[in-house]
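S.K.: Order-wise, the sequence lines are chains A and B. Under the numbering used here, the first residue of the first sequence carries the number 1, and numbering increases by one thereafter. Under the numbering used here, the first residue of the second sequence carries the number 1001, and numbering increases by one thereafter. Here a beta-carbon is modelled for each residue, glycine too, at the ideal position from N, C-alpha and C.
There are 2 protein chains.
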Amino acid sequence: MSTNKSGIGRREFLTSIGKAVGGSAMLRATVAMGLGTTAASCGSASATASPNVVVPPPPSSGLLSPRPGDWPAGIGNGRSVVILGAGIAGMSAALEMTRLGYACTILEARATAGGRVRTLRSGDTLDEIDSTQTCQFDIDDDLYFNAGPSRIAHHHEFLLGYCREFGVQLETFTNDNRGAWLHSPAAFSGQPQVARRIIADTRGGIAELLSTAVNQNALDGELTATDKINLLAMLQQYGDLNASNRYAGTSRAGFPGQQNAGSRQRGDLLTPRELQQLISDFFWELRLSFSQGFEQQPVMLQPVGGMDRIVEAFEAQVANDIIYQAIVTEIRKTGTGARIVYSNSAGSLATIDADYCIATIPAPVLANIANDFSAAHQAEISGFQYSSAVRIAFQSPRFWEREHNIYGGITWTEQDITQIWYPNYGFHKPDGIILSAYVFGGTAGDAFSNMAPQTRLDTALQQGSSVHPQLAGQAQHGISVAWQKVPFQRGAWGISNPSVLLTADDSIFFAGEHLSILQGWQEGAILSAYAAIDGIVDRDLAP
Amino acid sequence: MSTNKSGIGRREFLTSIGKAVGGSAMLRATVAMGLGTTAASCGSASATASPNVVVPPPPSSGLLSPRPGDWPAGIGNGRSVVILGAGIAGMSAALEMTRLGYACTILEARATAGGRVRTLRSGDTLDEIDSTQTCQFDIDDDLYFNAGPSRIAHHHEFLLGYCREFGVQLETFTNDNRGAWLHSPAAFSGQPQVARRIIADTRGGIAELLSTAVNQNALDGELTATDKINLLAMLQQYGDLNASNRYAGTSRAGFPGQQNAGSRQRGDLLTPRELQQLISDFFWELRLSFSQGFEQQPVMLQPVGGMDRIVEAFEAQVANDIIYQAIVTEIRKTGTGARIVYSNSAGSLATIDADYCIATIPAPVLANIANDFSAAHQAEISGFQYSSAVRIAFQSPRFWEREHNIYGGITWTEQDITQIWYPNYGFHKPDGIILSAYVFGGTAGDAFSNMAPQTRLDTALQQGSSVHPQLAGQAQHGISVAWQKVPFQRGAWGISNPSVLLTADDSIFFAGEHLSILQGWQEGAILSAYAAIDGIVDRDLAP
């Protein structure tokens, strides 16, 4: 079994976030938040862990999280709310509460909205706490880098509903391309393997072994005579076994000497990789299960032109409610509501009072703002853990298309850089933006976060060149983001199990992706906003 | 095992086309044509059959099919060729031969180029031998219907190379969407199953059974103690088994009561479908293997705006060489070349002489043209079998997106309509074009071909409504194509094994998708053109 550090780190991390949120007192809250047994964060490896920890279903089997339409029209008339943060959670909260009649004000620390939903293009700057980078990409509609969320699952119904409502044009995102590669320095002489070959050989190996067991009558306790016949036929198809139920290679794996170009000589098949080798390193197994996860579908969606098209669309709805460059310095309870003190764009302190506050500020930032929180709330905020995530992107001629017939998708490597993403758009243009590293969690995530930007680029190119030697000579205009070091964020996504923060502290409610079942996903941010709205509406409905 | 007629029909058909092309005399020709052991036609089910019939590799292991660059510059100067048919085979032949100096003339029976590569839009007419339909779709860039080829594999390097050269904009085509459905009237009370659930449960069932066999020491002859440990760990991941190596459901399958909407209550898991049921009907097995095939990748490519963008791009290159509405009536040998007699656009007979002829006319049409072919060539032409294929498309509000979160991809049903395709473009627009039936081969293919157009529409809606009840009320502007009945085509793609036609008959060469390893694919048409060019160049190089 692999002892790769970052791999194990991710596994442990995933197990931890997969834990059920327990406690009967929390049940209503967890159900309202959509929190259940199988939280899945946006780190790509999360899909590989889905621990079967099952809590009892809630009493009402039809119980769903709150959603627009649940709340009475006009319930907010004459009431006010101040929302901290103009990310997806804050803007969706403001949008829906404005529709209910609440007077909404959003305080946003930066000069632009969107939070971690950021798309970098030519000339954009990326501030970290100890560095500033400027994006040097050429100017082109297809030369952009989604530094934060980059994909949308087809079942993220609320986010997709807003895209429909706002007219945000979508296109498919290739999350699992079998023409992309798997690479382990320790296996196959370090040569990258086209994913389909590993997939086909694994299926073949499994099918052959199970067929052998069936034919040895080893499973007669489990299978009837008819089952056995059916299963053998099925396995032949599943693994592409020959008439003797043996796996002797398959066209599914591709053909010799051609890598990803397939139209020509097909006189023989690739020699199968031994199952023994494929199971000896957990790397192969994880990658085979990656796109099985509910959040990580093989095909996903993305806005045409960059994820921040969604931000722009939300912003167009609520821009009048946003105060930009408003850095919150105090969060206070007044007895009848909340009072927020903030530093405004002129550098002066200002104060705003409201009946309610929804704080979507990420916990690592919120923990350092003066406040009147209860001890329990303050403790959970202070202890809330976030994943690291570092992404490193370069502009490069599209050698992956021209030389390897890779059109989008992800190559996995067992090196720290973890993933290489190819653009799913602008095919055949001269250049594209290649995400040459996506490192999250574990010691590797910390190490990359702590590197100076230039060191990140150098390391990404050094490791990436063992997968794509072309990178060293062709990649240019590199830029990176380490979310742990980005002001007003200080982390990529929440990984602690929320508990106290799912309940309001006096008139202060909490929201943000970290307080949802979908940590790290935009859909989670929206779910958390709906839960906060629901809590406020409940108050206003109370006799 | 299912005895579904059309299913079995497809299986037999696929086995037949999977046969190796044998005979040592044919070896050079088959290799030159790229013909080998694993022909794969464009019918979606073809990917499910990849018989492991392996012929010995050719003597030279590096032997590839011919390609541009293989032929000496200027070899065609002063020589002429007449090409019959302005489909992809004919136009790619003309393009490359013009570059070599040959004087090329293409005779095209229709008033437009492209052959079976057709995209229907508002106002277009579709002629069959006994009917004419007019496309009634509304006018919109995203309301089109690819009546012929619809997808491109990433390894179809020559076709993609032309797209790059011509600037044909590409986007992804979702061939396998796990949020789409599988439907058998005989299973699960006829309720469609979200594909991911069947996939997850099958993996779980297989992994549990194999784990059981391993734990019963049934495979100790095959596995070392270390292998067993590794395999059990791997299977846990592969099937998402619990700590006891049992499959008890998985979040990968989705969640109860939500079908394709997934963000809310996740308190429990779906009850697994019994493996026993899933292996009792070959339908489920076939569909699980569909996108494993080398030609049928889960994610493929398509031109933005319709497949005929490729036709337009080719046509822009060779338009000056094309004589439209030129219906060939005689193909003659002159001793020094070929003489073609054709009916021109004015209805008069005309004659053209050339040093060579390349006949890309589909065999069912070619068989009825007066000619001087050898008996062997004539016999193979007359006996060449083609698959049927019927496609039926409607304009409809996008209920599949709005109500079911299906964004592109294919739903499979065990009914004759076989497949339902959702558009992979124009997401969230009010309407889209849904391909509500794709029937190919077997008795079902013949039956649908022989229906009057209105009957096809009625039948597609009747069967389709058992999958999507919305179709009955919302689908409109239906149009169908039955390639067997389209003039100058009379079939969807060749399924016989070519033999004699791989060699020239005097100065007459043959090309077309049916004479390639990739029957039914545009890439195959190009490969066949290259093989014909290679044969002609060989003649001109001979001392």
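(1) Taking 7 Å as the cut-off, does the CB of B:Ser1436 come closer than this to any heavy atom belonging to the ligand ATP?
(2) Tell me, which residues are paired with A:Glu330 by DSSP?
(3) Please go through the same chain and pick out, in chain order, the residues whose beta-carbon is closer than 6 Å to the beta-carbon of A:Ala376, but skip the five residues on each side of it.
(4) Is there contact between the segment 181-200 of chain A and the segment 209-219 of chain A, where contact requires at least three CB pairs shorter than 8 Å?
(5) From the DSSP output, in three-state form, read off B:Arg1273 for me.
(6) In chain order, what are the residue ranges of uninterrupted beta strand (DSSP E) at least 3 long that sit wholly in the segment 106-140 of chain A?
(7) So for B:Met1091, helix, strand or coil by DSSP?
(8) Is A:Ile361 helix, strand or coil when you go by DSSP?
(9) Output, in chain order, the set of chain B residues within a Cβ distance shorter than 7 Å of A:His428.
(10) Leaving out five residues before and five after A:Ser449 in sequence, what residues of the same chain have Cβ atoms less than 7 Å from its Cβ?
(11) So which residues of chain A does B:Gly1408 contact, with C-beta pairs closer than 8 Å?
(12) Give the residues of chain A in contact with B:Ser1289, contact being defined as C-beta atoms less than 7 Å apart.
(13) Could I get the ranges of all uninterrupted beta strand (DSSP E) runs contained in the segment 1430-1514 of chain B, with 3 residues as the minimum, in chain order?
(14) Just how far apart, CA to CA, sit A:Phe290 and A:Ala200?
(15) Counting contacts by CB-CB distance shorter than 8 Å, is A:Asp538 in contact with chain B?
(16) Any C-beta of chain A sitting closer than 8 Å to the C-beta of B:Leu1541?
(17) Under 9 Å, CB to CB, which of the residues in the segment 1454-1481 of chain B have a partner in chain A?
(18) Quick one: is A:Thr212 near chain B, going by C-beta distance under 8 Å?
(19) Which residue wins for smallest C-alpha separation from A:Leu126, given the options A:Asp138, A:Gly148, A:Pro430?
(20) Use the C-beta contact count for A:Pro192: other C-beta atoms within 10 angstroms, 16 or more gives buried, fewer gives exposed.
(21) Using the beta-carbon count (16 or more within 10 Å), is B:Leu1095 buried or exposed?
(22) Please work out which residues of its chain come closer than 6 Å, Cβ to Cβ, to A:Asn242, disregarding the five sequence neighbours upstream and downstream, and give them in chain order.
(23) A:Arg398 and A:Gly432: beta carbons closer than 8 Å?
(24) Give the straight-line distance between the Cα atoms of A:Asp416 and A:Arg287, rounded to the nearest whole angstrom.
(25) Of the residues B:Ile1406, B:Gln1378, B:Asp1142, B:Gln1169, which one's Cα is nearest the Cα of A:Asp142?
(26) Would a C-beta distance cut-off of 8 Å place A:Cys135 and A:Ile310 closer than the cut-off?
(27) Enumerate in chain order the residues of its own chain whose CB-to-CB distance from B:Leu1457 is below 6 Å, with the five nearest sequence positions on each side excluded.
(28) Looking at A:Thr174 and A:Asn424, is the spacing between their C-beta atoms short of 8 Å?
(29) Under 8 Å between the Cβ atoms of B:Ile1106 and B:Ala1089?
(30) Could you work out which residue in B:Ser1348, B:Asn1077, B:Ala1213, B:Gly1293 is closest to B:Arg1246 when comparing CA atoms only?
(31) Who are the neighbours of B:Gly1179 on chain A, taking C-beta pairs under 8 Å?
(32) Could you spell out where the alpha helix (DSSP H) holding A:Met234 opens and where it closes?
(33) Per DSSP, A:Val214 forms a beta bridge with which residues?
(34) Decide if B:Glu1285 is buried, meaning its Cβ has at least 16 other Cβ atoms within 10 Å, or exposed.
(35) Could you check what DSSP says for A:Glu222 in three-state terms: helix, strand or coil?
(36) Name, in chain order, the residues that DSSP records as bridge partners for A:Cys104.
M.R.: This is what the structure gives:
(1) What this structure holds is no ligand at all, so the ligand ATP is not there to describe.
(2) A:Val341, A:Ala370
(3) Val500
(4) no
(5) coil
(6) 125-128, 131-134
(7) helix
(8) coil
(9) Cys1163, Arg1164, Leu1170
(10) Ser388, Val390, Ala482, Gln484, Lys485
(11) Thr172, Val299
(12) Gln237, Tyr238
(13) 1431-1440, 1476-1482, 1508-1510
(14) 15 Å
(15) no
(16) no
(17) none
(18) yes
(19) A:Gly148
(20) buried
(21) buried
(22) Ala248
(23) yes
(24) 15 Å
(25) B:Gln1169
(26) no
(27) Gly1478
(28) yes
(29) no
(30) B:Ala1213
(31) His154, His155, Gln297
(32) 225-239
(33) For A:Val214, which the question treats as bridged, DSSP gives no partner whatsoever.
(34) buried
(35) coil
(36) A:Val81
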